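Numbering-wise (my numbering), the sequence shown opens with residue 1 and increments by one. For every residue, glycine included, the Cβ atom is placed at its ideal position computed from N, Cα and C. Just so you know, these numbers come straight off a predicted model, no measurement behind them. Below is one structure, written out as structure tokens; the observations come after it.
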Amino acid sequence: MSNLEKYYGVIPAFYACYDDNGKVSVERTKKLARHLVSKGVKGLYVGGSSGECIYLEKEERMLTLEAVMEEVKGECTIIAHVACNNTEESAQLAAHAQSLGVDAIASIPPIYFRLPDYAIAQYWNDISAAAPDTDFIIYNIPQLAGVALSVNLFKEMRKNPRVIGVKNSSMPTQDIQGFVDAGGENCVVFNGPDEQFIAGRAIGACGGIGGTYAAMPELFLKMDELVKEGKFVQAQPIQHEVNGIIADLCSCRGHMYAVIKKVLEINEGLALGSVHKPMVGVTEGDMPKVEAVAARIRAAIAKYC
1 MSNLEKYYGV IPAFYACYDD NGKVSVERTK KLARHLVSKG VKGLYVGGSS GECIYLEKEE
61 RMLTLEAVME EVKGECTIIA HVACNNTEES AQLAAHAQSL GVDAIASIPP IYFRLPDYAI
121 AQYWNDISAA APDTDFIIYN IPQLAGVALS VNLFKEMRKN PRVIGVKNSS MPTQDIQGFV
181 DAGGENCVVF NGPDEQFIAG RAIGACGGIG GTYAAMPELF LKMDELVKEG KFVQAQPIQH
241 EVNGIIADLC SCRGHMYAVI KKVLEINEGL ALGSVHKPMV GVTEGDMPKV EAVAARIRAA
301 IAKYC
């Protein structure tokens with residue numbers, strides 16, 4: 001059984017990094033990885049929703065993970081999301097991730113067709129079998145995948161000794177408690193929705209994996225510190241400010257992840273490119289909002305951290 005404490009804390013979901021021609025950039029990927037590790041995060045979640053996994057080719061996802069591992073392997077926990085919408089390529093990504101020495105792999109369920117639980121379980125077990133020495137984390141995000149992880153399916157998956165927990169991004173906070181109870185000992189459950197970081201932790205999440213953490217890691221690290229000290233009242237205003245920031249990040253014509261990359265360029269000097277089509281990049285008309293939310297993040301960090 002893995003040392004599960006390596007998963008406890010703040011784990012930013014990693015962004016896909018592109019060059020000026022829209023190709024995956026090894027150099028920029030390494031710079032983002034180094035930047036986040038220098039902030040003191042517990043780990044990185046590579047290749048998930050924030051990594052635009054649905055829109056990247058398998059080889060692009062491999063290249064991103066290779067760059068991250070070359071830069072920060074051994075310095076933090078690395079979880080690689082490996083799901084594709086077919087078993088064969090998912091298994092190839094899983095085997096590749098294990099060969100690089102990641103701490104865990106993760107997977108959403110197959111999307112589009114609504115498969116029965118036993119078919120989803122087979123999909124996940126087949127992926128896990130391709131990385132037999134690596135922890136496996138189920139990624140539950142029903143609002144995007146169209147399939148919700150049930151407690152019964154989670155219990156079935158726990159029969160696989162490599163399945164150690166859930167990244168739970170469903171909106172009902174109570175789901176976290178259900179997975180904590182069903183998972184029993186030696187199980188980890190991550191809070192997914194960034195807007196409920198302290199609520200998820202209060203109800204039993206061991207840590208969080210989130211798509212906006214990397215835009216403002218200081219704020220999530222501060223909340224994590226306060227939660228560990230039982231100071232939920234002191235953490236509450238930070239959560240309120242974070243939620244306002246997230247609303248601002250989502251208020252542009254460009255996709256939130258394109259906005260975040262531009263914010264990181266403004267605040268941290270990190271040029272990470274835009275996003276893959278069909279996602280929409282930041283427009284010229286977005287820039288006043290982007291600059292305002294970048295300033296809001298800087299002010300919040302100065303106030304609370």
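(message) Suppose the cutoff is 8 Å on Cβ atoms and the five residues either side in sequence are ignored; what does the same chain contact list for residue 281 look like?
(response) Taking C-beta separations shorter than 8 Å and ignoring five residues to either side along the sequence, the partners of residue 281 in its chain run 254, 255, 258, 274 and 275, following chain order.
(request) Drop a sphere of 10 angstroms on the beta-carbon of residue 207, count the other beta-carbons inside from all chains shown, and report buried for 16 or more, exposed for fewer. (result) Per the 10 Å Cβ criterion, buried.
(request) For residue 140, name the three-state secondary structure that DSSP assigns. (result) Reduced to three states, the DSSP call for residue 140 is strand.
(message) If I measure Cβ to Cβ from residue 121 and keep anything under 8 Å in the same chain, skipping five residues before and after, which residues do I get?
(response) The answer, listed in chain order, is 153, 156 and 157.
(message) Report the CB separation of residue 246 from residue 212 in whole angstroms; it is logged as a contact under 8 Å.
(response) Residue 212 and residue 246 do touch by the CB rule: their CB atoms are close to 6 Å apart, below 8 Å.
(request) State the start and end residues of the unbroken beta strand (DSSP E) segment that holds residue 11. (result) Element bounds for residue 11: 10 to 12.
(message) If the criterion is Cβ atoms closer than 9 Å, does the pair residue 24 and residue 71 meet it?
(response) Contact flag unset, no.
(message) Can you check which of these residues, 37, 294, 110 and 15, is closest to residue 29 by C-alpha distance?
(response) Distances from the CA of residue 29 to each of 37, 294, 110 and 15 were compared; the closest alpha carbon is that of 15.
(message) Within a Cβ cutoff of 7 Å, which residues of the same chain sit near residue 306, ignoring the five residues on either side of it in sequence?
(response) Because the chain here runs from 1 to 305, residue 306 falls outside it and cannot be looked at.
(message) Measuring straight from C-alpha to C-alpha, what distance separates residue 223 and residue 68?
(response) Going from the Cα of residue 223 to the Cα of residue 68 covers about 26 Å.
(request) Would you mind stating whether residue 138 and residue 219 have Cβ atoms separated by less than 9 Å? (result) In this structure, residue 219 does not lie closer than 9 Å to residue 138 by Cβ.
(request) Take residue 91 and list the residues in its own chain whose beta-carbon comes closer than 7 Å to its own, dropping the five residues that flank it on each side. (result) Here residue 91 has 126, 127 and 130 as same chain residues with Cβ atoms under 7 Å from its own Cβ, once five neighbours each way along the sequence are excluded.
(request) Would you mind listing the beta strand (DSSP E) stretches within the region 127 to 209 that are 3+ residues and don't spill past its ends, in chain order? (result) Whole beta strand (DSSP E) segments, 3+ residues: 135 to 140, 163 to 168 and 188 to 191.
(message) Rounding to the nearest angstrom, what Cα-Cα distance links residue 85 and residue 110 in this structure?
(response) Spanning the alpha carbons of residue 85 and residue 110 requires a straight line of approximately 5 Å.
(request) Report the partner residues of residue 73 according to the DSSP bridge assignment. (result) Looking at the DSSP assignment, residue 73 forms a beta bridge with 76.
(message) Classify residue 10: buried if its beta carbon has 16 or more other beta carbons within 10 angstroms, exposed otherwise.
(response) Looking at its Cβ environment, which holds 16 or more other Cβ atoms inside 10 Å, residue 10 is buried.
(message) For residue 7 and residue 77, which I take to be in contact (beta-carbon distance under 8 Å), what is that distance rounded to the nearest angstrom?
(response) Right, their Cβ atoms sit about 6 Å apart.
(request) Put residue 292 into one of helix, strand or coil per three-state DSSP. (result) Of the three classes helix, strand and coil, the one that applies to residue 292 here is helix, per DSSP.
(message) Cutting at 7 Å between CB atoms, please list the residues of its own chain near residue 262, excluding the five before and the five after it.
(response) If we look at residue 262 and ignore the five residues flanking it on each side, its Cβ neighbours are 282 and 290.
(message) Using 9 Å as the threshold, is the C-beta distance between residue 141 and residue 38 below it?
(response) No, these two residues do not count as a Cβ contact at 9 Å.
(message) Quick check on residue 292: buried or exposed, where buried means 16 or more other Cβ atoms within 10 Å of its Cβ?
(response) With fewer than 16 other Cβ atoms within 10 Å, it is exposed.
(message) Beta-carbon within less than 6 Å of residue 102's beta-carbon, same chain only, minus the 5 sequence neighbours each way: which residues are those?
(response) Excluding sequence neighbours, residue 102 sits near 78 and 80.
(message) Assuming contact is defined by CB atoms lying nearer than 9 Å, are residue 83 and residue 134 in contact in what I supplied?
(response) Against a cut-off of 9 Å, the Cβ pair of residue 134 and residue 83 comes out as no contact.
(request) Less than 8 Å between the CB atoms is what I'm expecting for residue 200 and residue 191, so what's the real figure, rounded? (result) Rounded, the Cβ-Cβ distance is 3 Å, consistent with contact.
(message) Looking at residue 165: is its Cβ nearer than 9 Å to the Cβ of residue 188?
(response) Result yes, Cβ atoms of residue 165 and residue 188 sit closer than 9 Å.
(request) Grab me the residues of residue 209's own chain with a C-beta within less than 7 Å of its C-beta, minus the 5 sequence neighbours each way, in chain order. (result) Closer than 7 Å at Cβ, skipping near neighbours: 11, 13, 45, 167, 190 and 192.
(request) Measure from the alpha carbon of residue 31 to the alpha carbon of each residue in 288, 58 and 264, then state which is nearest. (result) For the residues 288, 58 and 264, the minimum Cα distance to residue 31 belongs to 264.
(request) Go ahead and pull the three-state DSSP assignment for residue 105. (result) Strand.
(message) Considering only the alpha carbon of each residue, which of 170, 179, 136 and 180 lies closest to residue 162?
(response) The shortest CA-to-CA distance from residue 162 to any of 170, 179, 136 and 180 is the one to 136.
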